[in-house]
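Structure first, then comments.
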Amino acid sequence: YYFVPSNAMLTSQMGDLELIGDTPSIFVRVTPLAGSAKIAKRACDLVISTLVLIIAAIPMAIIWLIEKFSDPTASPIYAETRLSRYDHRFKIYKFRSMKPEYSGLSPEEAFTKMGKPHLIKKYRKNGDMIPNDPRITKLGHFLRATSLDELPQLFNVLRGDISLVGPRAL
């Protein structure tokens, strides 16, 4: 990444100095974790995700039960294949927030299936979102607004698929 340094930082050895137009910028290279830093990061991931899972166990069980009672045929947990930073495929877990009949469909397919193709243009124009998206359940709106739908990703952290800090899965 690039950042614009102060005059004092222009003489530092933090990175390569480059000009972008007339603005001096420092190019900072990302250094991958290695050795003890990598071990410490993984240890923190394990300890913190375990503690948060213990604290969140009851709310997660309540969300799971509400999801199961609201639609007994659908799984309360949604799993989707994602790519990690190093092109490793893994299943990422979330609480289901979308109606099961639209799960796995593109927005165009889902809006067409529900008989509302006019929403496709509105959805794309608004940056891939619309208020009161009809594909999302009532509980799903709450889960997404509070980010509670992402609690099952703590299991991904325990497995080592993702980390609490760092790049997000694609």
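Note that this note's numbering has the sequence shown beginning at 2, numbered continuously upward.
Glycine included, every Cβ here is placed at the ideal spot set by N, Cα and C.
Compute the Euclidean distance between the alpha carbons of lysine 114 and lysine 100, then round it to the nearest angstrom. 12 Å
Buried or exposed, going by whether 16 or more other CB atoms sit within 10 Å of the CB of glycine 105? exposed
May I ask you to report which of helix, strand or coil DSSP gives proline 60? helix
Applying the 10 Å Cβ sphere with the 16-neighbour rule, what's the burial state of proline 153? buried
Between which two residues does the alpha helix (DSSP H) containing arginine 160 stretch? 154 to 160
Rounded to a whole number of angstroms, what is the C-alpha to C-alpha distance between phenylalanine 70 and isoleucine 55? 23 Å
Quick test of your reading: proline 108 and isoleucine 121, contact by CB under 8 Å. State the CB separation rounded to the nearest angstrom. 7 Å
Between asparagine 157 and lysine 126, what straight-line distance do the alpha-carbon atoms span, to the nearest angstrom? 33 Å
Assign glutamate 110 to one of two classes, buried (16 or more other C-beta atoms within 10 Å of its C-beta) or exposed (fewer than that). exposed
When the Cβ atoms of the region 80 to 93 are set against those of the region 138 to 147, are three or more pairs found closer than 8 Å? no
Could you give the DSSP three-state label for arginine 145: helix, strand or coil? helix
Tell me which same chain residues have a C-beta within less than 7 Å of the C-beta of lysine 139, skipping the five on either side of it? none
Is isoleucine 78 helix, strand or coil by DSSP? strand
Quickly, what does DSSP pair proline 25 with across the bridge? List them, please. Leu20
Go to isoleucine 137, then tell me how far its alpha helix (DSSP H) extends in each direction, as first and last residue. No alpha helix (DSSP H) holds isoleucine 137; DSSP gives it neither H nor E.
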